[in-house]
Every structure is written in C-alpha cells, then in structure tokens.
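**Student:** When we follow our numbering, the leftmost residue of the sequence shown carries the number 61, and every step to the right adds one.
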Amino acid sequence: MEVQYQQISPRAMKVRNLNELITSLIALVVITGLYFCTDYFNWWSWLRYVWIALFVITIIGIPWTYFVSSPIYYKTFRYGLTDDFLYIKSGIWTKVEVVVPMTKIQSIELTQGIIMRKYGVRSIEIKTMQSGVTIPHIEEEVAIKLRDDISKLARLKELDEV
Numbered sequence: 061m062e063v064q065y066q067q068i069s070p071r072a073m074k075v076r077n078l079n080e081l082i083t084s085l086i087a088l089v090v091i092t093g094l095y096f097c098t099d100y101f102n103w104w105s106w107l108r109y110v111w112i113a114l115f116v117i118t119i120i121g122i123p124w125t126y127f128v129s130s131p132i133y134y135k136t137f138r139y140g141l142t143d144d145f146l147y148i149k150s151g152i153w154t155k156v157e158v159v160v161p162m163t164k165i166q167s168i169e170l171t172q173g174i175i176m177r178k179y180g181v182r183s184i185e186i187k188t189m190q191s192g193v194t195i196p197h198i199e200e201e202v203a204i205k206l207r208d209d210i211s212k213l214a215r216l217k218e219l220d221e222v
C-alpha cells in the first residue's frame, strides 16, 4: 500500500519562530546580566569574552531560525498513515525516516502550549514500549482526527492479535 504523506501546518513556522524569539530574548537577558556580574563580582576577566561570544551567537541564531531553519523544517517534515504503520520523514542534510507499527503503540497524547493555542495547532506524541515519536504543529481538527484514527487502528490491530 502506497503511503500518502501529509505536511504539517504552515503555521508551524510562526510557532517555531515565536518560540525561538522568546527563548533568545530570555537568553540575551541572562547573558547580559552575567556580563555585568563579571565586573561587579570581580570574576575572571576572560569570562567577559565568553558572554560576548554567546551574545553574538544568540543574535545570529534569530535570523537563522526565521529564514533558514523553520522553512526547511516545514518543507521536509512529513507524516503518513496506513492500516498497519505510521510513517514519519524529516531532515534535509540527515534524512530520518521512522516507521511505527500500529501493534506497538501504547499511548497517544495531544499537546498544545500557549503559543500553539494562539495559532490553532497541536502536537501528537505517540509512545511505544521502547520510545516515542512526535508529529508537531498540526491543525487542531486534523490532530484530533489523526489521534482518533491511530487509536482505532492500534486497537483493531491489538484485537487481531488476540
């Protein structure tokens, strides 16, 4: 059976960018505070250069996420579902393909943080005995339907084995 791959929500880029911006701003505040603590507490003078380097790396990371990382992530992340397996593909430099048998699925969680709620997306975490996979940033209705479909298929496969 041929797998029909689906794409995550186009809003995924906005969610990732906003998360990155908030994280970077917090990091910049902490780094700036540590920079000034170096003088105030008479820490080693070479630490000043470490804080400056971290500050510059954080500043460079913001446009990297906006213009490179998020668009690549959106364009390369795919998921598909058949009666027997869940398929996930991602990556541009390192291709990752995950196949999860329906018989191995133990639980499914829908997660939605504050920023995801604002943009109407959810993430699905599928857990097996050994590990788990996440399908991030899917439209709410699609995520709920996908969770229900996976639950039904996993339950049917479990019943077939008995």
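For glycine and all other residues, C-beta sits at the position ideal for the given N, C-alpha and C.
So, for Ile132: in the same chain, excluding its five sequence neighbours on each side, which residues have a beta-carbon less than 6 Å away from its beta-carbon?
**Tutor:** Reading the sequence shown from its first residue, position 72 is the one you call residue 132. The residues are Ile152.
**Student:** Assuming contact is defined by CB atoms lying nearer than 9 Å, are Tyr147 and Val63 in contact in what I supplied?
**Tutor:** By one-based count along the sequence shown, residue 147 stands at place 87. By one-based count along the sequence shown, residue 63 stands at place 3. A contact, by the Cβ cut-off of 9 Å.
**Student:** For Tyr65, which of helix, strand or coil comes out of DSSP?
**Tutor:** As a first step, residue 65 must be located in the sequence shown, where it is residue number 5. Coil, per DSSP.
**Student:** Rounded to a whole number of angstroms, what is the C-alpha to C-alpha distance between Gln190 and Lys164?
**Tutor:** By 1-based counting over the sequence shown, the position of residue 190 is 130. By 1-based counting over the sequence shown, the position of residue 164 is 104. Computed Cα separation, rounded: 9 Å.
**Student:** So, using beta-carbon positions, are Ser228 and Leu170 closer together than 9 Å?
**Tutor:** Outside the shown range of the chain, which is 61 to 222, sits residue 228, and nothing can be said about it.
**Student:** Within its chain, find whatever has a CB closer than 7 Å to the CB of Val75; leave out the 5 residues flanking it on each side and keep chain order.
**Tutor:** Here residue 75 corresponds to residue number 15 of the sequence shown, with the count starting at 1. Around Val75: Ile175, Met176, Tyr179, Val181 and His197.
**Student:** Here's the rule: buried if 16 or more other CB atoms are within 10 angstroms of the residue's CB, otherwise exposed. What is Leu141?
**Tutor:** Position 81 of the sequence shown, counting from 1, holds the residue named residue 141. With 16 or more Cβ atoms within 10 Å of its Cβ, Leu141 is classed as buried.
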